[in-house]
Amino acid sequence: MQQPATESKPSAVQRLTADGQKKSVLDRQAADFRRDYGHRLPRAYETGDVYSPRDLSGAETERWAKAPRKRQLMVPLKRQGKRQDVFDITGINPLHLYKNYSVMSEFMLESGGIMHNNATHLRPVNQRKLAKALRRAQGLGLMPSIHRHPLILMPEHITAK
Numbered sequence: 001m002q003q004p005a006t007e008s009k010p011s012a013v014q015r016l017t018a019d020g021q022k023k024s025v026l027d028r029q030a031a032d033f034r035r036d037y038g039h040r041l042p043r044a045y046e047t048g049d050v051y052s053p054r055d056l057s058g059a060e061t062e063r064w065a066k067a068p069r070k071r072q073l074m075v076p077l078k079r080q081g082k083r084q085d086v087f088d089i090t091g092i093n094p095l096h097l098y099k100n101y102s103v104m105s106e107f108m109l110e111s112g113g114i115m116h117n118n119a120t121h122l123r124p125v126n127q128r129k130l131a132k133a134l135r136r137a138q139g140l141g142l143m144p145s146i147h148r149h150p151l152i153l154m155p156e157h158i159t160a161k
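Numbering (the UniProt record's numbering), first residue to last: 1 to 161.
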């Protein structure tokens with residue numbers, strides 16, 4: 001005698017993995033939707049910005065949307081002249097200034113470090129030469145290596161008041 005075929009119930013492990021797969025797929029889809037929707041918003045909202053639901057409507061987003069750019073022909077730009085800095089204009093080699101304390105101290109931080117070229121506005125070549133000259137002066141003991149000289153700092157603090 002044959003037993004009637006019964007539907008077997010999925011085990012707890014099978015249910016958890018199936019639910020987990022469904023959740024991960026749904027989570028992935030939701031993340032994709034959020035990412036795509038964020039890219040479609042032409043206006044970037046910052047933390048603390050106040051906006052209403054109307055600001056997220058299609059009509060309002062069209063106001064902020066950038067007009068499509070026309071394709072331009074690639075025209076070669078005119079080559080700009082060589083960038084010049086203070087040392088190029090004066091014709092002075094920064095390596096020769098390692099003995100000049102007043103010039104070297106202008107390019108040092110209060111902590112004794114070398115200023116970044118964003119602050120000095122020097123070309124990379126001259127920035128390297130200046131850094132080498134500063135290290136040379138510090139190595140010879142002409143300049144302090146961990147702070148600016150107190151006599152240089154004192155007038156700066158007096159004029160700052």
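The beta carbon of each residue, even a glycine, is placed where N, CA and C say it ideally should be.
(message) One question on the structure: do Arg136 and Tyr98 come within less than 7 Å of each other, judged by their Cβ atoms?
(response) Position 136 of the sequence shown, counted from the first residue, corresponds to residue 136. Position 98 of the sequence shown, counted from the first residue, corresponds to residue 98. The Cβ atoms of Arg136 and Tyr98 sit closer than 7 Å to each other.
(message) Once DSSP output is grouped into helix, strand and coil, what is the label at Ile89?
(response) The sequence position of residue 89 within the sequence shown is 89, counting from 1. It is helical.
(message) Per the DSSP calculation, Ile114 is bridged to which residue(s)?
(response) The residue given as residue 114 occupies position 114 in the sequence shown. For Ile114, DSSP records a beta bridge to Met108.
(request) Please say whether Leu130 and Pro94 have beta carbons closer to each other than 7 Å? (result) For the purposes of this step, residue 94 is taken as residue 94 along the sequence shown, with counting starting at 1. For the purposes of this step, residue 130 is taken as residue 130 along the sequence shown, with counting starting at 1. Their beta carbons are under 7 Å apart, which means Pro94 touches Leu130 by this criterion.
(request) Can you tell me the Cβ-Cβ gap for Ser105 and His147, rounded? I've got them flagged as a contact below 8 Å. (result) Position 105 of the sequence shown, counted from the start, is the residue given in the question as residue 105. Position 147 of the sequence shown, counted from the start, is the residue given in the question as residue 147. The C-beta distance from Ser105 to His147 rounds to 11 Å, too long to meet the 8 Å contact threshold.
(message) Buried or exposed for Phe87, going by 16 or more other Cβ atoms inside 10 Å?
(response) Position 87 of the sequence shown, counted from the start, is the residue given in the question as residue 87. By the neighbour-count rule (16 or more Cβ atoms within 10 Å), Phe87 is buried.
(message) I need the boundaries of the alpha helix (DSSP H) containing Gly139, first residue and last residue.
(response) Here the question's residue 139 lines up with position 139 in the sequence shown. In the DSSP assignment, Gly139 falls within the unbroken alpha helix (DSSP H) covering 124-140.
(request) Compute the Euclidean distance between the alpha carbons of Glu46 and Arg63, then round it to the nearest angstrom. (result) As a position in the sequence shown, residue 46 is number 46, starting the count at 1. As a position in the sequence shown, residue 63 is number 63, starting the count at 1. Distance between the alpha carbons of Glu46 and Arg63 is about 18 Å.
(message) Only counting the same chain, and skipping five residues up and downstream in sequence, which positions put a Cβ closer than 8 Å to that of Asp48?
(response) The residue labelled residue 48 in the question sits at position 48 within the sequence shown. According to the sequence shown, residue 48 is Gly rather than Asp. Hits under 8 Å: none found.
(message) If you measure between the beta carbons of Met115 and Leu122, is that distance less than 7 Å?
(response) In the sequence shown, counting from the first residue as 1, residue 115 sits at position 115. In the sequence shown, counting from the first residue as 1, residue 122 sits at position 122. No, Cβ-Cβ distance for Met115 and Leu122 is not below 7 Å.
(message) Residues in the same chain with beta-carbon distance under 6 Å from His96, minus the five sequence neighbours each way, listed in chain order, please.
(response) Sequence index remark: in the sequence shown, residue 96 carries index 96 (1-based). Closer than 6 Å at Cβ, skipping near neighbours: no residue.
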